[in-house]
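Sequence order for the protein chains is A and B.
Under this note's numbering, think of the first position of the first sequence as 2, with each following residue one higher.
Under this note's numbering, think of the first position of the second sequence as 11, with each following residue one higher.
Read the structure below first, then the notes.
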Amino acid sequence: MSGDEIEEVDEAEGRRSIGEILREQVVAAGRALIFPAVALAIALLVGVVVILITGNSVIEAYAALLRGGFGSRQALGRTISNATPLIFTGLAVAIPFRGGLFNIGGEGQLFIGAIAGVWIGLTMPGPGPLVAFVAIIVAGLAGWIWGAIPGLLKIWGAHEVITTIMLNFIGINLTFWLAKNPLSGEGAVPGTGFVPEGVRLTRLGGGLGAAHYGFVLGIVAAIVAYILIWRTTKGYELRTVGQAPGAARYAGMSVAANSFLAIALGGMFAGLGGGLESLGTFGKVSVPFISNLGFNGIGVALLGRNHPAGVVLGAIFFGGLAAGAQQMQFSTGVPLDLADVLLAIVLLFVTATKLVEYLLGRRARTFAAGTRLEKGLAG
Amino acid sequence: MLEMRGVTKAFGSTVANDSIDLELRKGEIHGLLGENGAGKSTLVKILYGLYKADEGEIYIDGEPAGITTPSDAVDRGIGMVHQHFMLVPTLSVAENVVLGAEPGQGPRLDIAAAERAVRDLSERYGLRVDPTANVGHLSVGVQQRVEVLKTLYRDARILVLDEPTAVLTPQETDELFTVLRGFVDEGLSIILITHKLGELLGVSDRITVIRDGKVVDTVVTSETDEAELARLMVGREVVLQVAKEDVEAGDVRMEASDLIVDGASGEAVSGVGLEIRSGEILGVAGVDGNGQVELAEALAGVRQPRSGRIELAGEDVTALDSAAMRARGLAYVPEDRGGKGLVGEFTLAENFVLKTYRRSMFSKIGWLLRNAIRAFARRRIDAFDVRPPNPQASAASLSGGNQQKVIVARELAGEPDVLIANQPTRGVDVGAIEFIHGQLLEQRERGAAILLISLELDEIRQLADRIAVMYDGRIVGEIDAADATDEQLGLWMAGRGGPDEDQPTGDDRVRS
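What follows is the structure, encoded as structure tokens:
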């Protein structure tokens, strides 16, 4: 059978100059940053009102906020420490989103990963680094499984938003039960025992406090995610399924298999984040455990426009704001909650694309593309 | 009656309407002619209060109309029949007609009064409709009558119809035009929007031609002809008749028998058989929604048929998916550019390998070879004159015509043996239509077997060697293009006059 020989092409024809690529990247980055920037500006303006109501100096409060997030090595350490799990839970939302699914299950996936990592850390014999390595892998696998369940249910017709929310309850409570019963440790705080010191992740040092190498792994994870999504045939399929399922079917790609893969991958990243958090920051899973990291991942992904680089920046922003708010409360008396208010407003405006389009004029419409929620919910 | 003066509307940097003047006289049918994207729809949306003009005024009976919302437009006596109907399928005809202006007191709906009003109107204007019928069960042509009745019920004096014939058979079109002439005799005025020039010559009094958002000319219908209108519309001489070489049909390249295919709502194709030969174009005519999409998808491997058999050069390919069909030399241009043929947010380069990204020239061990993909895209873009000629541009940023060129360029790469093209020129400009028609004929001369599905009867009659007509999931008639008449095809399209009209058998096999 003839009729399908596509003429060979010279790869060199398709090569582009560094200048062209750079220009394109700068334009793309500018477009990506416009929405969060406008949203932040509006949020800070609203914050002014809130601070004035509390009877504090706006300049002092904002200066403290900035200082607390990025002003010193300790501050930076806290920011990085906060940001580390958020990179993973952000990716846990961003990657399924690229595949057309909305993963609300980051919280449950993170808990399952955290407990799985601690389980290995507590029970596996052998040299610390090896145990830590295996523990992190197992944490990722556990998250993968927790993400694969809604992936399977999706193929059978259940909407992933519903199933991931339900699996959050199951995951969180299963984790607590495991931490209090089979894996329960001694001590006043209920939860598992501490994993051996050799298994815990090394701290970055350099005065950065509790920040550990999980942050570096987060950056690596973001790079891997980027490569997977934009440089491989699998990622190409995943994006096609996410953006035009009709075109995917037309091209002979499996919508079901790629949807499954997308959300299972998301679960894996959340699980990794949970494992790094339990093995690195805490050394155990306590009851109650760190909460809302999974849900904040949704915000991080939205802020980062579902792009791995954006997720890293978004996580650092979230982490910095949380760290800065403590400093602000300590030195000015503006309540900690202001940080939450600011975050909420930023997210409101980042998602209210129509409003920002209106503020920026019509040209902003193209900038909004990556931020639209409807797309993820439509599946 | 109605006057639009200097109406200007810009979307970002594109000017959709540039200082347009339009004058509608009482008791005339005024044709508004232009290519897709010329600005016709924008203009009537401004008239109907859906868009706000940047500049310009609208006068009705010499007074400023002051229309800012559709309800203002209705109050001023403007009625609009949209291309896509705005009907509630679960309600009756009468309920649909009065919706939003119900008779009765307070919350009570006087359905008897509504039905009486609808019956009066339909008798007065010769629009035969049963007011108690459920709209969801009516044919498209009758649904259109309901839309017209809606405007009449609201005392419209100016009726705007946006591409009303797109969904009609030739006979239904004639019927509609007779009704419209009746309206004019009753003193109504009509704006008729279309991109089909032939239609306007028969029915309109005057024609305003729009190109690139500007009025090119307003002509008196009786003093013009098709060639002049085409030239005004496109801005250059247009070859209306395509030159078709004589090509001897060769071997059967693709064969389907007893195909039954399910659509979104039940069986869509009910036992179709056909053969496509090398060097011929088999045209499939029919009104939209009679199973054409499902047939094309089944043949192309996108949709698995429930039963039946598909052969490609003698090989049973019924169970293969679209990528496997592509690898066997089958190209497929789908009817829905935005949703199926392209991924809007992808670059052109990414779109060019939608089906072939797994080939070793475009990827190695799962790794996309982006330079090779881009180089391939650049070549195809040059060969098909896609604009802008930038492989990094997003598909969504292109005009409809250029998007369609990208799809055709992709599908024709590698000289396919069989080409299935479903509405390949829908919603594209005349330049792109000429180009795509030329490509189809070139492939035919090269010896490809082509299945051309189209809702435009003219297109089928120009290009096809044989014409089959689809109605209700079956092929109800088949004829040599040379022997075909609009009347015969129209009857088939309406489901009448088929060879086995009363007892459709399972074997509506078309043979040459």
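All C-beta atoms, glycine included, are put in the ideal place defined by N, C-alpha and C.
Remember, predicted model here, so these are calculated numbers, not experimental data.
Within its chain, find whatever has a CB closer than 7 Å to the CB of residue i; leave out the 5 residues flanking it on each side and keep chain order.
i: B:H92; result: D172
i: A:G281; result: R201, L202, H213 and G215
i: A:Q330; result: P336 and L337
i: A:A323; result: N83 and A340
i: B:D82; result: G59 and G76
Starting from residue i and walking both ways along the alpha helix (DSSP H), at which residues does that stretch end?
i: B:E182; result: P180 to D195
i: A:E161; result: E161 to K181
i: A:A96; result: Sequence check: residue 96 of chain A is Ile here, not Ala. Residues R74 to R99.
i: B:H40; result: It is not in any alpha helix (DSSP H) - B:H40 instead sits in the beta strand (DSSP E) that spans I39 to G44.
i: B:F21; result: Taken as a continuous stretch (DSSP letters only), B:F21 belongs to no alpha helix (DSSP H), being part of the beta strand (DSSP E) at L12 to F21.
i: B:N361; result: L358 to F362
i: B:K365; result: From DSSP, B:K365 is part of no alpha helix (DSSP H); its letter is neither H nor E.
i: A:L303; result: L294 to L304
Given a threshold of 16 other Cβ atoms within 10 Å of its Cβ, counted over all protein chains shown, does residue i qualify as buried or as exposed?
i: A:H308; result: buried
i: B:P398; result: exposed
i: A:T241; result: buried
i: B:R134; result: exposed
i: B:V98; result: exposed
i: A:N182; result: exposed
i: B:K50; result: buried
i: A:T55; result: exposed
i: A:G272; result: buried
i: B:N27; result: buried
i: B:D512; result: Note that B:D512 scores 45 on pLDDT, short of 50, meaning its location in the model is unreliable and no value can be drawn from it.
i: B:H205; result: buried
To the nearest angstrom, how far is it from the Cα of residue i to the Cα of residue j?
i: B:I217; j: B:R390; result: 39 Å
i: A:I317; j: A:G106; result: 21 Å
i: B:R476; j: B:I320; result: 20 Å
i: A:S292; j: A:A136; result: 21 Å
i: B:G351; j: A:V217; result: 41 Å
i: B:R456; j: B:E466; result: 25 Å
i: B:E33; j: B:G448; result: 38 Å
i: B:N361; j: A:G15; result: 15 Å
i: B:I39; j: B:S214; result: 5 Å
i: A:V132; j: A:F261; result: 30 Å
i: A:T164; j: A:Q75; result: 40 Å
i: A:G114; j: A:L142; result: 8 Å
i: A:H79; j: A:G70; result: Per the sequence presented here, residue 79 of chain A reads as Arg, with His not at that position. Each residue's alpha carbon lies about 8 Å from the other.
i: A:F195; j: A:G186; result: 8 Å
i: B:E469; j: A:F103; result: 44 Å
i: A:S73; j: A:G118; result: 32 Å
What does a CB cutoff of less than 8 Å around residue i pick up in its chain, not counting 5 residues either side in sequence?
i: B:D165; result: G87
i: B:I446; result: Q414, K415, V418, P434, T435 and V438
i: B:T78; result: G59 and K62
i: B:L198; result: G37, A166, R167, I168 and L169
i: A:L45; result: Y63 and L343
First and last residue of the beta strand (DSSP E) that includes residue i?
i: A:F195; result: That residue, A:F195, is in no beta strand (DSSP E); it is neither H nor E in DSSP.
i: B:Y531; result: Residue 531 of chain B lies beyond the stretch modelled for chain B, which goes from 11 to 522, so this question has no answer here.
i: B:V25; result: T24 to L34
i: B:M480; result: R476 to Y481
i: B:S280; result: G276 to R287
i: B:S199; result: S199 to T204
Indicate, with yes or no, if the ligand GDP has a heavy atom lying under 7 Å from the CB of residue i.
i: A:L262; result: In terms of ligand content, the structure shown is empty, and the ligand GDP therefore cannot be addressed.
Once the 5 residues before and after residue i are set aside, which same chain residues still bring their CB inside 6 Å of it?
i: A:S82; result: A211 and A212
i: B:L292; result: I286, L461 and R476
i: A:A180; result: G192, T193, V286 and V288
i: A:L266; result: I96
**Q.** Residues within the segment 24-46 of chain A neighbouring chain B, beta-carbon criterion of under 9 Å
**A.** E25
(Q) Counting only Cβ-Cβ distances shorter than 9 Å, please list the residues of the segment 348-363 of chain B near chain A, keeping chain order. (A) G348, G349, K350, G351, L352, V353, G354, E355, F356, A359, E360, N361 and V363
Q) What residues in the segment 54-77 of chain B have a beta carbon less than 7 Å from any beta carbon of chain A? A) none
Q. Any residues in the segment 321-343 of chain A with a beta carbon nearer than 9 Å to a beta carbon of chain B? Which ones, in chain order?
A. Within the segment 321-343 of chain A, no residue has a Cβ that lies closer than 9 Å to any Cβ of chain B.
Q: Can you give me, in chain order, the residues of the segment 105-130 of chain B that have a beta carbon less than 7 Å from any beta carbon in chain A?
A: none
Q.
Residues of the segment 252-263 of chain A in Cβ contact with chain B at a cutoff of 7 Å, in chain order, please.
A. A252 and G253
Q.
Can you pull out the residues from the segment 239-251 of chain A whose beta carbon lies closer than 9 Å to at least one beta carbon of chain B?
A. If you check each beta-carbon in the segment 239-251 of chain A against every beta-carbon of chain B, the ones closer than 9 Å belong to R240, T241, Q244, A245, P246, G247, A248, A249, R250 and Y251.
Q. According to a CB-to-CB cut-off of less than 8 Å, which residues of the segment 67-93 of chain A neighbour chain B?
A. none
**Q.** Residues of the segment 289-314 of chain B with Cβ closer than 9 Å to any Cβ of chain A, in chain order
**A.** E307, A310, G311, V312 and R313
Q. When you check each C-beta in the segment 209-238 of chain A against every C-beta of chain B, which residues fall closer than 7 Å?
A. So the close ones are R232, T233, T234, K235 and Y237.
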